[in-house]
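If you read the protein sequences in the order shown, they are chains F and X. Residue 390 in this note's numbering sits at position 390 of the first sequence; the count goes up by one each step and never skips. Remember, this note's numbering sits 574 above the position in the second sequence when you count from 1. The C-beta atom is built at its ideal place from N, Cα and C for all residues, glycine as well.
There are 2 protein chains.
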Amino acid sequence: MKIDRLAGDRFKERPSDCVIDSHALMVRGGYMKGVANGIYSSYMPLRRITRKIENIIREEMDAIDGQEVQFPVVMPASLWSESGRYESIGSEMARFSDRNGTPMVLGMTHEEAAVQLVREYANSYSKYPFMIYQIQTKFRDEGRPRAGLIRVREFTMKDAYSFHTSQEDLERYYQICYDAYNRIFARCGIPEVVTVKSDSGMMGGSISHEYMLLTPVGEDSIAICSECDYRANMEAAESIIENKCEGEDMPLELVYTPDIHTIEDICNFLHTPLEESCKAVIYQKNMTDEYVVIFIRGDLDVNETKLTNYLGEAVHPGEVTENCGLYAGFTGPYNINREKFTVLFDKSLEGTHNLSCGANQPDHHYTGLKISRDVGEVEYIDLAKITEGGICPKCGKHSITISRGIEVGNNFQLGTKYTKSMNMQYLDSEGNLKYPIMGCYGIGVGRLAASVCEAHHDDFGPIWPMSIAPWHVEICCLRADDEECKGVSDKLYEDMLKEKIEVIYDDRNIRPGAMFSDADLLGIPLKVVVSPRNLAEGVCEINSRDKEIAEKIPVAEVIPFVKSIIEKRIAEGK
Amino acid sequence: MKIDRLAGDRFKERPSDCVIDSHALMVRGGYMKGVANGIYSSYMPLRRITRKIENIIREEMDAIDGQEVQFPVVMPASLWSESGRYESIGSEMARFSDRNGTPMVLGMTHEEAAVQLVREYANSYSKYPFMIYQIQTKFRDEGRPRAGLIRVREFTMKDAYSFHTSQEDLERYYQICYDAYNRIFARCGIPEVVTVKSDSGMMGGSISHEYMLLTPVGEDSIAICSECDYRANMEAAESIIENKCEGEDMPLELVYTPDIHTIEDICNFLHTPLEESCKAVIYQKNMTDEYVVIFIRGDLDVNETKLTNYLGEAVHPGEVTENCGLYAGFTGPYNINREKFTVLFDKSLEGTHNLSCGANQPDHHYTGLKISRDVGEVEYIDLAKITEGGICPKCGKHSITISRGIEVGNNFQLGTKYTKSMNMQYLDSEGNLKYPIMGCYGIGVGRLAASVCEAHHDDFGPIWPMSIAPWHVEICCLRADDEECKGVSDKLYEDMLKEKIEVIYDDRNIRPGAMFSDADLLGIPLKVVVSPRNLAEGVCEINSRDKEIAEKIPVAEVIPFVKSIIEKRIAEGK
């Protein structure tokens, strides 16, 4: 490929709508172009990167006995009704009616399609286990697409589905897939990806893991224990609070607190720490607008994922209206109407006393609250966000740190959620009908490309690992108007093409600075610089984008040198 | 791959809903499964075939300087409004509103997306020519999906778009692409594909070609000249009629023709040939239901594509109601209300006289019609279907034969239809703003797979060419319960895997007949049969699916023999 033929503009200015570096560099480098909010077209360099990632994934999936199949993008709604998800999934699923008025959906994941494909075939235990996968376009109507390819609405995903006759066999295969995922990320140049326990969300099932690239620009928060190997998505991390409960119980006492609306204000006013207060956090259910009041220790926050999972339905922050029976800033557990509102108590309130809290009347709070005495027996539920310095659920030390990460893959143990609801059964060896157990395994291809860029770039452009770089070598002919320089460059280019080296050639008559800027934006691992000055010494300069290599190599040895570096780096995932 | 792990059922009975062989065999062989009308999932064998086809297409597109890109499946309606196609395309385009109420469409083709991707980039003549292509899922809400993968609603397509600064340059590249297409079809095993002139339909532009696999089950009709190289889709073939107009003009005469409604009946009644009658064919415009009356020689039929192109809008067969002013069976050109109805005259009526025709009143016809005398000067338009034995528009002989074919590819010269409507311009070398000229080039991947199957199969299954076969070799271990037979088979399988031979292995303990039936359905080019009887002679039987090869080869020589056949056949596209 000659760079002067390459469609796509490269430019210097960081686009104002790009929040993270990978997005900015991939727009600046002519990798992608927005078509609509969260929907992009790819130019050739990005398409070459994603194809290489797809091929790495394909090789690793094939190596663990995956069977590549293909499911449709457009599916009948009736298929999703079988599992109940046509109803349970909200506006993130795109729906339309076809020309005959049949309701259709765009696939955002393919559990239903996977079961549909194999439910007649896999009717006997002898057909198990097996895994099918596809690499296909998906559409998820995200409310807030952001960060370039990190969170989009249309994306290419590898999604795999395994079927088993026992939980043990699922776990055995889950481990095999875990290893394959680690190989995939290592081969793509980000071996530093870690796994964390995650929330299963709309997928169902109980055990799930996410593969996270830790980076400050990630949109996920991850709780990591510095003392043991515990790692979990904040959404899934159990919050453990040990309350000391020192001193004597005080009586419940009404206090006049005019114009004091926040838990911080009341604690300031009373000169007590936040830990000795009981905060009310108010939500409303999306379907009915019914209020949900969560009481939680004043220094903690509610984890909405845990709340949604507990309720089994979606919520939004509550709007406290004048006659709803709640008083914004003054809501407390004593005498609250527990028939009218869903009232929940977080575990952080277990074993506390002498708390300050709202009094359910304007301008008043209570002090001295002891829930067991003043409210009665309540169920304490884990609804709090884990905090920096919090207690590790595994080793029990105060050793939790919170990091940010990009989720580049996820694996779910689905159990029989889909096989039961869609009536997929097999005969076991004793002739009994059983529901198979499923696992599913996803990797977003575009997001992985952006994550690699996020992990490997400098101010001037991406630094692509050899394994997924759009081309392996770039030839820079610094003086296209110099006959010898152009001749040597042309010959190198032709010889590399003959040797099937993936090469891009810049023979434009432009300043070296502009040429090198473009090369940096393309992020090609190896650059062969041909200039009259070098040729006077009979050499070319060979530089690697990651600055590890900067050598002068005799012209005749350039190709073998380049070939050996390419081979070595692909093997190393570097 | 071991066949007992391969997901998908193979069976003997031809499914009753399969009209053509390729569909029946690909369902019977576990290649595909219906998900909805015209929407399929692919099992592993079909996915491997389509991937190989995709890779052949990719290599040939890359070889003619194509840049692989990717456009989205989901696009904003506003993009299609720019070209006017959001309004002009009917129910075959799937539309929905996203969560914010923005109208979106599913891509059925990507001219708009192609222009959107490059219209800022290609702002100077020096950037031209270039070609971008993608291989991507498309959705077209066909009214009548049929024939398995031949006419579906969701399909994978390679669509390419080239951009030029002159018609000459487009034509130069169009020829290059023509050659690449011929290489693609040859490499996929159907070099017999022919090109025909076609109708541009909704794509716009004037010159277009289709690549046709001639087969009686094809859904397209093709006019082929047996005397010269003229070939055209019936939809696009010009109809040439030479009228003799012998004898004297007769006067126009009203005839009482009770209960005579068809043109055949009136000609029988009058003892005149169909060629001496003027038939009325009645349509209605889809948008307004306005009547369109076409007069045409009684022995010919109206070509709806020509009619639609002439009118610039879609029509449906007219329903003649009681008070509409038309009389079914008695409509004729004399005294018809040409202000109320759109009245068109086909070229076949030019130079005629003494025609019988309807009299625009119940139970009456005229004889002796001469249009120029009785109706006045009218414009004659080519609206007729070309007929078997008709006149070749190129060489002028009565040498037209009509064949059936499957369209496996198409190329369109689009002119400036999209660049003008979407305001894509470049500066030419003299500093003038110009609209680039486009070409587009499509191949349906799944349809190509089905076409190869249609061209190469027997009653027992597909006969895949080596280049796109799901696997190259199948090992049949005829006696899995025989230690030596199983041992030799296992070893061959392992050695072939080590040699990176694409092999599928059948070591099931089943009857040879059942094993060979499955092998026939999988259509693997080479079969290595391992049996105790052969092993007693120290050999394996090697048979090719196309029956050309049937040899006994010493066990130690099986792998080199197989490798040489694979290499040879891939090179030959066989």
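Query, Result
"Selection from F:Glu264, F:Asp98, F:Met131, F:Ala186 that minimises the alpha carbon distance to Ser451 of chain F", "F:Ala186"
"Stretch pair the segment 646–666 of chain X + the segment 750–760 of chain X: three plus CB contacts closer than 8 Å", "no"
"Under 8 Å (Cβ pairs) to chain X, residues found in the segment 74–96 of chain F", "Val74, Met75, Pro76, Leu79, Ser91, Glu92, Ala94, Arg95, Phe96"
"Distance between beta carbons of Lys921 of chain X and Ile815 of chain X, contact taken as under 8 Å", "6 Å"
"Below-8 Å beta-carbon distance, Glu1073 of chain X vs any chain F residue", "no"
"Enclosing alpha helix (DSSP H) for Val558 of chain F [first to last residue]", "558–572"
"Assigned secondary structure, Arg673 of chain X (DSSP; H/G/I helix, E/B strand, else coil)", "coil"
"Contact the segment 638–650 of chain X vs the segment 34–50 of chain F: 3+ CB pairs below 8 Å", "yes"
"C-beta contact flag for Tyr125 of chain F and Tyr426 of chain F at 8 Å", "yes"
"Ala687 of chain X: contacting residues in chain F (beta-carbon distance under 8 Å)", "Val35, Ser41"
"Interface flag, Ala581 of chain X vs chain F, CB-CB below 8 Å", "yes"
"Contact check, Glu850 of chain X vs Asn909 of chain X, beta carbons under 8 Å", "no"
"Members of the segment 141–157 of chain F near chain X, C-beta cut-off 9 Å", "Asp141, Glu142, Gly143, Arg153, Glu154, Thr156"
"Test: Arg1085 of chain X CB closer than 8 Å to a CB of chain F", "no"
"Rounded distance between the beta-carbons of Arg1021 of chain X and Leu723 of chain X, thought under 8 Å", "6 Å"
"Neighbourhood of Val1104 of chain X by C-beta distance below 6 Å, restricted to the same chain and skipping five residues each side", "Cys1051, Cys1059, Val1062, Ser1063, Cys1114"
"Proximity to Ser226 of chain F [Cα-Cα], best of F:Asp520, F:Gly318, F:Thr419, F:Ile391", "F:Ile391"
"Under 9 Å by beta carbon: chain F residues contacting Tyr901 of chain X", "Correct list: empty, because the minimum Cβ distance to chain F is about 34 Å."
"Chain F within 8 Å of Leu691 of chain X, Cβ atoms only", "yes"
"Contact with chain F by Ile1144 of chain X, beta-carbon distance below 8 Å", "no"
"C-beta neighbour in chain F for Asp672 of chain X, strict 8 Å", "yes"
"Neighbourhood of Pro832 of chain X by C-beta, 6 Å cutoff - its chain only, sequence neighbours within 5 removed", "Asp937"
"8 Å contact criterion, which Gly578 of chain F and Gln284 of chain F should meet: CB distance rounded", "There is no way to answer for residue 578 of chain F, as the model of chain F reaches only from 1 to 574."
"7 Å Cβ cut-off: residues of chain X touching Tyr121 of chain F", "Ala581, Gly582, Asp583"
"Cβ neighbour criterion (16 or more within 10 Å) applied to Val19 of chain F", "exposed"
"Contacts of Thr165 of chain F in chain X (Cβ-Cβ under 9 Å)", "By Cβ distance, chain X contributes nothing, its closest Cβ being about 14 Å from Thr165 of chain F, past 9 Å."
"Range covered by the alpha helix (DSSP H) that runs through Ser515 of chain F", "First, the amino acid is wrong: residue 515 of chain F is Met here, not Ser. Here the alpha helix (DSSP H) through Met515 of chain F covers 512–522."
"Partner residues on chain X for Glu68 of chain F, Cβ-Cβ distance less than 8 Å", "Met618, Arg621, Arg622, Arg625"
"Own chain, CB closer than 6 Å to Thr895 of chain X, minus 5 neighbours either side, in chain order", "none"
"Alpha-carbon spacing of Met996 of chain X relative to Ile758 of chain X, whole angstroms", "32 Å"
"Per-residue DSSP class, three states only, for Tyr40 of chain F", "strand"
"Cβ-based neighbour list, Ser1003 of chain X, same chain, cut-off 6 Å, excluding 5 preceding and 5 following", "Tyr699"
"Straight-line Cα distance separating Lys52 of chain F from Ile566 of chain F", "15 Å"
"Check whether Met1154 of chain X and Ile1144 of chain X have beta carbons under 8 Å apart", "A query on residue 1154 of chain X cannot be resolved here, the shown segment of chain X reaching from 575 to 1148 and no further."
"Pro646 of chain X at chain F interface by Cβ criterion, 8 Å", "yes"
"Chain-ordered chain X contacts of Ile132 of chain F [CB-CB under 9 Å]", "Ala581, Tyr617, Met618"
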